[in-house]
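Residue numbers (the working numbering): -11 to 226.
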Amino acid sequence: MQESLRALLELQKTDQDLHELEQYKVDIPNQLETMSTAQTEAETGLADQETKVAEIEKDRRQRERELQTAQEQVKKYQGQLYSVKTNKEYDALQTEIQAQKTLIAELEDAILQLITDAETESETLETMRGETESLIERLDEERTALESRLSAVDEDVAVKMDERKRMSMRVENQVLKVYDRIRRNLRGMTVVPVKKGACSGCFHVIPLQVMLQIRQAQRLVSCESCGRILITEEGQGY
Ligand SMILES: [Zn+2]
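Here is the structure:
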């Protein structure tokens, strides 16, 4: 029985490795998905900022055209001042000129503000561009590592399965049957040590008489609460 338990512990270790490998097949694609989302978010943010800067520039050019038109209007009206015949016409032109000058002042203020805004937003854009580039670079490296890890998993599983087959041959058939049955029904460890008088799988207190049976290792002892195969704490290192 001792030999079977020793072999069983090794088998359990292999099964844990196998479980870990199977977990990679779920975890790695999830990680890749998260990375891809992060990249898309960064790229979208960058594109939005590019649009923002372009909109400000477009707005500024529009205001500059309006400014030019207003300046031309002032010149035109000022030229007309010399050829007016009545005071009323003269006053009307002066009012028009004043209105255009007010507009010019407003446009100049707006253009200055847009120039300042463009500078600020462009700086932000450059920072974002740098950050996005380094993010993509980092993600590419991680992606390559994860993908090669993932592609090796199937091979690792095959190797471990082979190892498992060889190990299970060293375990008594009845013991193996019990082990496999518990393993199918329970999460985590199947063979557990008794720690401080309790099953370390479910913390059920093990009666002294049962402890004695475990120590004797004459037959397979299961926890009466969770069904896990029990070994002594020292037995961990079989
Ligand atoms: Zn238990």
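For each residue, glycine too, the CB sits at the ideal point set by N, CA and C.
Counting C-beta pairs with one atom in each stretch, the stretch 41 to 51 and the stretch 102 to 110 have three or more that are closer than 8 angstroms, which means they touch. Within 10 angstroms of the beta-carbon of residue -8 lie 16 or more other beta-carbons, which makes it buried.
When only Cα atoms are considered, residue -1 and residue 130 end up about 33 angstroms apart.
Per DSSP, reduced to three states, the secondary structure at residue 165 is helical. The residue among 116, 215, 160 with its C-alpha nearest the C-alpha of residue -10 is 160. The Cβ-Cβ distance between residue 185 and residue 216 does not fall below 7 angstroms. What you get when you keep residues with a C-beta closer than 6 angstroms to any heavy atom of ligand 1 is 187, 189, 190, 192, 211, 213, 214, 216. Following the DSSP letters along the chain, one finds residue 198 inside the alpha helix (DSSP H) bounded by residues 196 to 204. Counting the other CB atoms within 10 Å of its CB gives residue 155 a total of 16 or more, which places it among the buried residues. Looking at the backbone, the Cα of residue 39 and that of residue 110 are separated by about 11 angstroms. By the CB criterion at 7 angstroms, residue 11 and residue 113 fall outside the cutoff.
Note: residue 219 is bridge-paired with 181 in the DSSP secondary-structure output. By the criterion of a C-beta distance shorter than 8 angstroms, residue 62 is surrounded in its chain by 85, 88, 89, 92, once the five residues flanking it on both sides are discounted. In the DSSP assignment, residue 9 falls within the unbroken alpha helix (DSSP H) covering -10 to 68. Between the stretch 14 to 29 and the stretch 163 to 172, the count of C-beta pairs closer than 8 angstroms stays below three; the two stretches do not touch.
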